[in-house]
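Colleague: Structure below; questions to follow.
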Amino acid sequence: MRNLHDHAWRTRAECRGLPLWLFYGFDDGGRPDHTASCEQIALRICQRCPVAAECLDDELRHVNQYGIRGGMTAEERRSERRRRKRRARQVREVAA
Ligand code: SF4
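Quick note, this note's numbering runs 170 ahead of the 1-based positions in the sequence shown.
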């Protein structure tokens, strides 16, 4: 069983060493300013990342409103989080 706090997968991340603004765009005041072009570049990097599943699992344990993580936008992650909760509830209902 994988340790939930094991972040060794990060050493194989495709985004390792890349500037954070690619994934989390910020304006001069430190507010999120994620442009569509940055999103597309970041999403393409995620597509070839060997640890995208681990990244997404880790990200879904937090509520991060901004940026590209695990190959998804923040909105896509919110949908995925809801989908996983629905699925877990269905599994519990079947098992009860
Ligand atoms: S999926 Fe994307 S954000 Fe996550 S580690 Fe890979 S490249 Fe980085």
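Just so it is clear, CB atoms sit at the ideal spot from N, CA and C, and this is done for glycine as well.
What distance in whole Å lies between the Cβ atoms of R251 and L230, which are believed to be in contact at a cut-off of 8 angstroms?
Modeller: 5 angstroms
Colleague: Write down every uninterrupted run of the alpha helix (DSSP H) in the stretch 177-253 whose length is 4 residues or greater and which is fully enclosed by it, in chain order.
Modeller: 206-217 and 222-230
Colleague: Is any non-hydrogen atom of the ligand SF4 found closer than 6 angstroms to the C-beta of R272, if you look at the structure I gave you?
Modeller: With the chain running from 171 to 266 in the structure shown, residue 272 is simply not present.
Colleague: For the candidate residues R239, G195 and Q260, whose alpha-carbon lies nearest to that of V221?
Modeller: R239
Colleague: So, is the C-beta of R256 closer than 7 angstroms to a C-beta in chain C?
Modeller: Given the protein chain composition of this structure (a single chain), no chain C is represented.
Colleague: Taking the beta carbon of A267 as the centre, do at least 16 other beta carbons fall within 10 Å, making it buried, or is it exposed?
Modeller: The chain is shown from 171 up to 266; residue 267 falls before or after that span and cannot be answered.
Colleague: Return the residue from the list Q260, K255, L190 and C219 that minimises the CA-CA distance to A183.
Modeller: The closest CA to that of A183, considering only Q260, K255, L190 and C219, is found on C219.
Colleague: State yes or no: is the C-beta of C208 within less than 7 angstroms of the C-beta of L188?
Modeller: no
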